[in-house]
Amino acid sequence: MQPEFDVIVVGAGPAGAASALTLARKGFNVIMLEKAKIPGERNVTGGVLYGDFSGKYGLIDLLPEFEAEAPVERKVVSHEVYVVSNARDNKYRYYKMNRGSAAVRMGIFSIPPEGGHDYTVLRRGFDRWFALKAVEAGAMLSTSTTVEGLLKEGNAVVGVRTPQGDINSKVVIDCSGVTSPLVEEAGLREHLGPSQLYHGVKHVLKLDEETVNSRFGVKKGEGKAMALLGEFMDGISGGAFIYTNRDTISIGMVVSMNSMLKKITTDFTDTGKLLDVLERLEGNPLVAELIDGSEMLEYSAHNIPKSYKCVLKRPYADGFLVAGDALGSFVKIGSMIDGMRRAIASGMMAAEAFIGASASGSYGAGSLAGYMDILKPIYRDVARSGRDSFVSESSLAYSLFPKLVLATGLTSKEGDVKVMKPIDQRDAIQRIQDGTSLLNYDEDKDYAHIKVNAEGCSRALDKPWVPACPVNCYTILTSKGVFASFKDLYIYNLRKLESDAGAKGGNEKNFRYRALLQSRKDVALAGLRFDWVACVECGTCGAIGPKDMVDFHSEKNGHGVRYKFG
Ligand SMILES: Cc1cc2nc3c(=O)[nH]c(=O)nc-3n(C[C@H](O)[C@H](O)[C@H](O)COP(=O)(O)OP(=O)(O)OC[C@H]3O[C@@H](n4cnc5c(N)ncnc54)[C@H](O)[C@@H]3O)c2cc1C
Ligand code: SF4
C-alpha cells in the first residue's frame, strides 16, 4: 500500500512540533496526531524553557523569532537555589547559593548559567503556538486523535491505529511523552517502573504583575527561577521550584517516585500525599512572604522520565524513531530541571535522521541508525545527569546537606517570620477537591482509559496507588471511613487512641507508634476503590505494580483534563 504520509509524528508537544516543523520545511508530507483538543492543554511543565542547545539544535536556531513571537512569560535573568529551614520561635534560617558557593564549586549542586535565551512558559499557550508554527510550515495537525497502537508489516512499523481509523506512513516518530506505550510495542523498552520516573506536582498562583516585580526584585518582563530544598521535603529525594510568570507564579516540585512512594506508604505520619509537601513549601516563611495574597488558579501533576535509568539504548526500529520524554531525553542536573529544550533538540534530530534515510529511499532500522550519532549530545547529558544523581539524589544532598548548612551562621542567614500561613488541617479528600474543582474536564462517561483490578489491588498490603494518585482517583474504604491519604487514617487512629486514653493520660510517643502500626494494618485490610473521573493522566498508577493490576491507556477523542495554564 502507498503510504499516505512520509512521516506521522505522534504528539504535538515540544518534541513533536520541532520534528514536524523541521520536516515540513524540507517539503515532506508530515502529520502530527495529538490526543488533546488543543496542543498543550494536557501538558504540564515547571517551566523554564532554555532557548539554546549545542550544535544548533536550540529553539533559537529553529525559530530565531521565538523571543519576540512566542507566548513566553518572562525572560529569566537570575537562577537561584535556596536551602530553607522550617520556622521556629518566629525565625527561620536560609542559605542562598549562587555559582560561587562552595557547594556549587564542589559539584554538589549545579546552577544553570543564564544563557540569554531562557524564558518561563505555560504550556497551553506555548505548545499551541509551537504546533501552529509547524502547521504554517506545511505540516498537518489532527487533534482529538489518540494513537492507540502501531500498524506493522512483519517487524516494520508502517503507520498507527487511531479510533478514527488506521493511518499509513513511511516512518512514525513517537513524541508522545513519558507515558508512551509505543516504545514498548516497538520492542525498544520494557514498561517503566517507579525507579525510572520522577513525579511532579504544581500550583499556578495569581499575583499581579507589579507585585511579582517588586517581591522578586525584577523589572517588567524579567523573571527569576528559584530552586528550593530543605526540611519541608520531609526526606523525599527531589526539590521544589518557583518560577515567575507575567502575572502568575508557578510553584511545584519534582521528586524521585520511589522515594515518594516509600514515604507515603510506610512513614506517612507527616506526609500523606506529595501535595502535603507542596503546601508545606507554600507555608514556609521565605515562600509565604513571596506568594502572600495570591490565589490558586490551577493544580496539576505529571511524570517525567528519570532518563539515566530509562533512556532508550536503541531509539529506532524499522520505520520508527523516538524523541523527547518518550526517548528519555529529560535531565535533572543539580537544580536544573531541563526537558523541553531536549525534547525540541531530539525532535529536530529525529527529523534529521529521517531526512538522512530518505536519500536512500529505505526506512529500515539500518537506514535510521544514523540517529544514534546525531543524538550524541543528548546521551552525553543523560550520562552526566546519572553521575550527578550520585550526589544530588543522595541523602547527603536532600537531607544531610540542608542540616549542615543551616546549622551555623557561617553559611546560613536568619530571617524573621513576616507572614504566617497556617497549615490546612482538612483531609486530603477536601484539599485536593479544592484543586480539581478548578480544572476543566471533558469527561468520557463511556470509556474508562484505566482498567483497575480492584480486587487484586485490594489484596496489596501497601496499596501505593492510593496516596500516589495526585487527584484521589484511588481511595481506601475502611470501617473508619474513606481515605485518600494514609496520613489522614493515621491522624484518625491517633485521635482515637488519645481520646480512648482520656483522663488517664499516656505517652504521646507511644500513641504515635501505635497509631502508625494500626494504620498500616488498616491499609492492608482495606478495600480499594477507583474512579477515573478526576484523572489528569499523570501516568503514576500505570507505573506502580504489575500491569495486570492497573492497565493504563490514553483517553480518547480529546476527552480528559484541559489545563488552562499547564
Ligand atoms: C512538574 C514538572 C516540572 C517541569 N519543569 C521543567 C522545566 O522547568 N523546564 C524544562 O525544560 N522541563 C521541565 N519539565 C519537563 C518537561 O515538561 C518535559 O521534559 C517536556 O514536556 C517533554 O516534552 P515532550 O514533547 O517529549 O513530551 P510532552 O510534553 O509530554 O508532549 C507529549 C504530547 O503527546 C501527546 N500524546 C501523548 N500520548 C498520545 C497518544 N497516544 N496519541 C496522541 N497524542 C499523544 C500529549 O498530549 C502531548 O501533547 C517539567 C515537568 C514536570 C512534570
Ligand atoms: S488515576 Fe493514575 S494516571 Fe490518573 S491521575 Fe491518578 S495516578 Fe495519575
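Residue numbers (the numbering used here): -11 to 554. The beta carbon of each residue, even a glycine, is placed where N, CA and C say it ideally should be.
Where does the unbroken beta strand (DSSP E) through residue i begin, and where does it stop?
i, result
"residue 481", "Per DSSP, residue 481 belongs to no beta strand (DSSP E); it is in the alpha helix (DSSP H), 474 to 489."
"residue 158", "153 to 162"
"residue 19", "18 to 21"
"residue 564", "The displayed coordinates of the chain run from -11 to 554. Any statement about residue 564 would go beyond what the structure contains."
"residue 469", "469 to 471"
"residue -4", "-7 to -2"
"residue 114", "It is not in any beta strand (DSSP E) - residue 114 instead sits in the alpha helix (DSSP H) that spans 111 to 124."
So is residue i buried or exposed if we call it buried at 16+ other beta carbons inside 10 Å?
i, result
"residue 18", "buried"
"residue 187", "buried"
"residue 364", "exposed"
"residue 381", "buried"
"residue 6", "buried"
"residue 521", "exposed"
"residue 155", "buried"
"residue 76", "exposed"
"residue 398", "exposed"
"residue 105", "buried"
"residue 328", "buried"
"residue 111", "buried"
"residue 278", "buried"
How is residue i classed by DSSP in three states: helix, strand or coil?
i, result
"residue 247", "helix"
"residue 181", "coil"
"residue 315", "coil"
"residue 401", "strand"
"residue 272", "coil"
"residue 41", "coil"
"residue 497", "helix"
"residue 543", "coil"
"residue 294", "coil"
"residue 443", "helix"
"residue 430", "strand"
"residue 207", "coil"
"residue 194", "strand"
"residue 420", "helix"
"residue 237", "strand"
"residue 435", "coil"
"residue 509", "helix"
"residue 554", "coil"
"residue 285", "strand"
State the start and end residues of the unbroken alpha helix (DSSP H) segment that holds residue i.
i, result
"residue 392", "389 to 395"
"residue 365", "364 to 380"
"residue 11", "2 to 13"
"residue 528", "528 to 531"
"residue 346", "328 to 346"
"residue 550", "Unbroken run through residue 550 is the beta strand (DSSP E), 548 to 550; no alpha helix (DSSP H)."
"residue 91", "90 to 93"
Do the CB positions of residue i and residue j come within less than 8 Å of each other?
i, j, result
"residue 44", "residue 107", "no"
"residue 321", "residue 373", "yes"
"residue 555", "residue 351", "Residue 555 lies beyond the stretch modelled for the chain, which goes from -11 to 554, so this question has no answer here."
"residue 4", "residue 554", "no"
"residue 464", "residue 454", "yes"
"residue 394", "residue 73", "yes"
"residue 558", "residue 252", "Outside the displayed range of the chain (-11 to 554) lies residue 558, so it cannot be described from this structure."
"residue 240", "residue 263", "no"
"residue 238", "residue 190", "yes"
"residue 70", "residue 269", "no"
"residue 102", "residue 60", "no"
"residue 400", "residue 82", "yes"
"residue 390", "residue 217", "yes"
Give me, in chain order, the residues of the same chain whose beta-carbon lies closer than 8 Å to that of residue i; leave out the 5 immediate sequence neighbours on both sides.
i, result
"residue 330", "41, 312, 317, 318, 319, 366 and 369"
"residue 291", "166, 167, 185, 186, 187, 188, 245, 526, 527, 528 and 531"
"residue 566", "Given a span of -11 to 554 for the chain in the structure shown, any question on residue 566 remains unanswerable."
Cutting at 7 Å between CB atoms, please list the residues of its own chain near residue i, excluding the five before and the five after it.
i, result
"residue 257", "475, 478, 500 and 504"
"residue 502", "485"
"residue 126", "12"
Here's a check: name, in chain order, each residue in its chain whose Cβ is nearer than 6 Å to the Cβ of residue i, leaving out the five neighbours to either side.
i, result
"residue 79", "402"
"residue 261", "416, 455 and 473"
"residue 481", "503, 506 and 507"
"residue 30", "24"
"residue 429", "549"
"residue 232", "62, 200, 204, 211 and 212"
"residue 616", "Outside the shown range of the chain (-11 to 554) lies residue 616, about which nothing can therefore be said."
"residue 517", "463 and 465"
Say whether chain B places a C-beta atom closer than 8 Å to the C-beta of residue i.
i, result
"residue 518", "In the displayed structure, chain B is absent; only one protein chain is listed."
For ligand 3, residues whose Cβ lies under 7 Å from any non-hydrogen atom: For the structure depicted, ligand 3 is absent and the ligand set comprises only ligand 1 and ligand 2.
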